[in-house]
Every structure is written in C-alpha cells, then in structure tokens.
Amino acid sequence: MMGSCAKERIQSGEVRRTRPMLRRCAIHLAGPIFLLSGVCVLSAQGYGQERAAQQIFALSNQDRTEQGLPALRWSAALARSALAHAEIMAQEPELSHDYAGEPGLVERAKLAGAHFQIIAENIARGWSAEQINNAWMHSPSHRENILDPKLNALGVAAVQRGAQLYAVEDFAETAQALSVRQVEERVRALLREDNVEASAPAGAAEQACRMWRGLPQGTTARAVVRFETSVLSQLPSAVVQEIRGKDFTRAAVGACAPPAGEDFTTYRVAILFY
Numbered sequence: 013m014m015g016s017c018a019k020e021r022i023q024s025g026e027v028r029r030t031r032p033m034l035r036r037c038a039i040h041l042a043g044p045i046f047l048l049s050g051v052c053v054l055s056a057q058g059y060g061q062e063r064a065a066q067q068i069f070a071l072s073n074q075d076r077t078e079q080g081l082p083a084l085r086w087s088a089a090l091a092r093s094a095l096a097h098a099e100i101m102a103q104e105p106e107l108s109h110d111y112a113g114e115p116g117l118v119e120r121a122k123l124a125g126a127h128f129q130i131i132a133e134n135i136a137r138g139w140s141a142e143q144i145n146n147a148w149m150h151s152p153s154h155r156e157n158i159l160d161p162k163l164n165a166l167g168v169a170a171v172q173r174g175a176q177l178y179a180v181e182d183f184a185e186t187a188q189a190l191s192v193r194q195v196e197e198r199v200r201a202l203l204r205e206d207n208v209e210a211s212a213p214a215g216a217a218e219q220a221c222r223m224w225r226g227l228p229q230g231t232t233a234r235a236v237v238r239f240e241t242s243v244l245s246q247l248p249s250a251v252v253q254e255i256r257g258k259d260f261t262r263a264a265v266g267a268c269a270p271p272a273g274e275d276f277t278t279y280r281v282a283i284l285f286y
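Going by our numbering, 267 is the number at position 255 of the sequence shown; the sequence numbering is gapless.
Below you can see the structure in the form of structure tokens.
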C-alpha cells in the first residue's frame with residue numbers, strides 16, 4: 013500500500029481576506045483482496061460505477077457518525093468535479109491530482125458549479141469501495157479530510173477500468189452564492205444588531221467598495237471599513253472595534269465583486285460610517 017498527500021493551508025486576517033484551505037491526498041491500493049470484520053471484500057467488478065460512488069459516500073458518512081460528526085450532504089456539483097478527474101485518472105498510469113491540460117482542483121470544482129470556502133480531495137485506486145475507504149481511514153491525511161468538522165459537503169465519483177476502481181472524493185465547506193443586494197442586506201442586519209442604523213443609500217458605499225483606499229468624493233462619511241469574507245454570520249472583529257470605539261449610529265453598506273482571479277467564494281464589502 014502506497015500513499016502520498018499534498019496540503020496547502022493559507023490563512024489571513026478576516027478584514028483583508030478570509031483564505032481557504034486546499035488539501036489533496038492520494039493513495040494506491042495494490043495486492044490481494046482484504047478481509048474486513050471477517051467479511052470478504054469482493055472485487056468492484058460487476059458493480060455499477062454509480063453504486064460504488066454511493067457506497068463510498070455512505071461509508072465516509074458512517075465514519076463521521078461513529079466519531080460524533082454530522083453527516084456530509086451530497087453535492088452534485090462536487091460529484092461532477094470528482095467525475096471529471098476520475099475519468100482522466102482511469103486513463104493514466106499514475107495517480108495524480110493534476111494532469112497536464114486538466115484544470116486544477118479549485119478551478120475544476122468552480123467549473124462544475126461549486127461554491128466553497130474550503131476544498132479537499134481524496135483519490136485512490138483499488139479493488140472495491142470498502143477497501144478504498146478502509147485504506148483512507150488508516151491514512152492520517154485522508155482520514156483528516158473525511159473527519160474534518162469544518163467540511164459539510166461531498167461529491168464522489170468512481171470509474172472502473174478492468175478489475176480496478178478509480179475513486180475520487182471532493183469535499184468542501186460550501187458557501188452560498190449571494191447577489192450584491194443579498195450581501196448588503198445581510199451586513200445591514202448585522203449592523204442593526206450592534207445598534208447601527210444602516211439605511212443610508214448604498215451608492216457611495218458601493219463606490220468605496222470598488223476603491224482600494226480613501227473615501228469617495230462628495231461623501232460626508234466620517235470613516236470607511238473594507239473587508240473580504242466568506243462568512244456572513246457575523247461582522248469581522250475590525251468592524252466591531254470600529255463601531256465600539258466611536259459614536260457611529262448610522263451607516264451605508266455597499267458590496268462589490270471581489271478582484272478578478274479570486275479562487276474561492278468570498279464577499280467584498282465597504283461600510284461608510286456617519
């Protein structure tokens with residue numbers, strides 16, 4: 013049994029940009045069929061590819077349940093991403109997360125329609141869904157992906173080539189795709205919870221959102237706070253500090269598209285304080 017894993021963790025302050033994690037793990041299973049709990053694991057040959065994928069999905073959720081973790085929900089977008097890679101992987105002599113001419117994991121998932129804050133991947137080649145899952149759970153890096161409490165979605169693909177099964181699990185912490193107006197309304201609601209009335213027109217704040225620094229010309233705002241985040245359940249700490257350190261009672265909220273080239277789903281916001 014051979015395995016390898018590549019990980020990347022990039023994090024920064026929430027006011028600048030909430031960066032995600034990218035984790036990728038591969039394992040190659042070779043040799044005889046395993047015995048698990050006294051039951052012979054049969055070859056995946058004869059099983060439908062969809063059935064094998066669903067078996068892997070169920071086994072990963074079983075592993076999480078046994079550890080007291082919530083089950084992952086099935087993501088059709090992540091399953092499309094996983095299938096795109098599994099079909100290529102089944103034609104290649106070696107396992108890899110990246111093949112020449114193929115989009116990387118992040119881009120592949122985006123092209124499949126996924127919106128996410130964290131993305132991770134397990135890949136394997138083996139004889140059955142059970143054998144592959146068992147090997148993943150006995151590999152620290154693969155186990156980490158399966159049992160990561162931050163992840164909430166999973167898409168699985170399995171492609172059979174001869175007697176061997178090529179499996180891909182694409183995990184994510186998903187993010188809802190919100191419009192500019194939806195983002196602004198959520199931030200306004202959070203400001204109201206801190207006793208700041210955020211009903212001022214959004215135009216100047218949206219202009220400030222598109223600027224790197226300074227205040228838009230003609231505004232009477234006393235301060236501006238800009239931030240990027242993938243989480244809209246609470247205000248960034250710097251915004252809270254700005255509110256509590258001053259006597260602001262009124263604000264305008266403006267959202268805009270993140271800079272081109274952003275890989276993960278994030279929201280860019282500017283708040284003008286009066």
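Every residue gets a Cβ at the ideal spot worked out from N, C-alpha and C, and that includes glycine.
Simplified DSSP assignment, three categories, for residue i
i, result
"V208", "coil"
"L177", "strand"
"F128", "strand"
"R85", "strand"
"F260", "coil"
"E196", "helix"
"Q79", "coil"
"Q172", "strand"
"V53", "With a pLDDT of 31 at V53, under the threshold of 50, the modelled position of this residue cannot be trusted, and the question is left open."
"L71", "helix"
"L190", "coil"
"A136", "strand"
"A96", "helix"
"L166", "strand"
Alpha-carbon to alpha-carbon, residue j and residue i
i, j, result
"L227", "A233", "8 Å"
"T241", "R173", "42 Å"
"G266", "A212", "10 Å"
"A214", "A187", "24 Å"
"Q74", "A83", "8 Å"
"V192", "C221", "11 Å"
"F183", "E62", "18 Å"
"V199", "S151", "41 Å"
"R204", "H109", "45 Å"
"S87", "F260", "43 Å"
"S249", "A264", "18 Å"
"D206", "A235", "17 Å"
Continuous beta strand (DSSP E) stretch holding residue i: start and end
i, result
"F239", "235 to 241"
"G60", "Run containing G60: none; DSSP gives neither H nor E here."
"R280", "279 to 285"
Where the alpha helix (DSSP H) through residue i begins and ends
i, result
"R256", "249 to 257"
"L123", "117 to 123"
"G230", "From DSSP, G230 is part of no alpha helix (DSSP H); its letter is neither H nor E."
"M149", "141 to 149"
"G215", "215 to 222"
"H154", "152 to 158"
Candidates the options: closest to residue i by CA position
i, options, result
"I135", "V237, V243, L107, R63", "L107"
"A217", "Y178, H109, R262, A179", "R262"
"I130", "N157, R137, S153", "N157"
"T231", "A210, Q253, L284, V243", "L284"
"E197", "Q246, Q66, A132, L159", "Q246"
"N145", "P115, L177, L163, N207", "L177"
"G80", "F260, Q229, D160", "D160"
"P137", "L163, I100, E185", "Going by the sequence as given, residue 137 is Arg instead of Pro. The shortest C-alpha separation from R137 is found at I100."
CB contact flag (residue i, residue j, <8 Å)
i, j, result
"A124", "A89", "yes"
"A98", "V195", "no"
"R280", "C268", "yes"
"A201", "R238", "no"
"A189", "H127", "yes"
"W68", "A179", "Note that residue 68 is Ile in the sequence shown here, rather than Trp. Yes, Cβ-Cβ distance for I68 and A179 is below 8 Å."
"A121", "L71", "no"
"E181", "L163", "no"
"G167", "A91", "yes"
"E104", "Y111", "yes"
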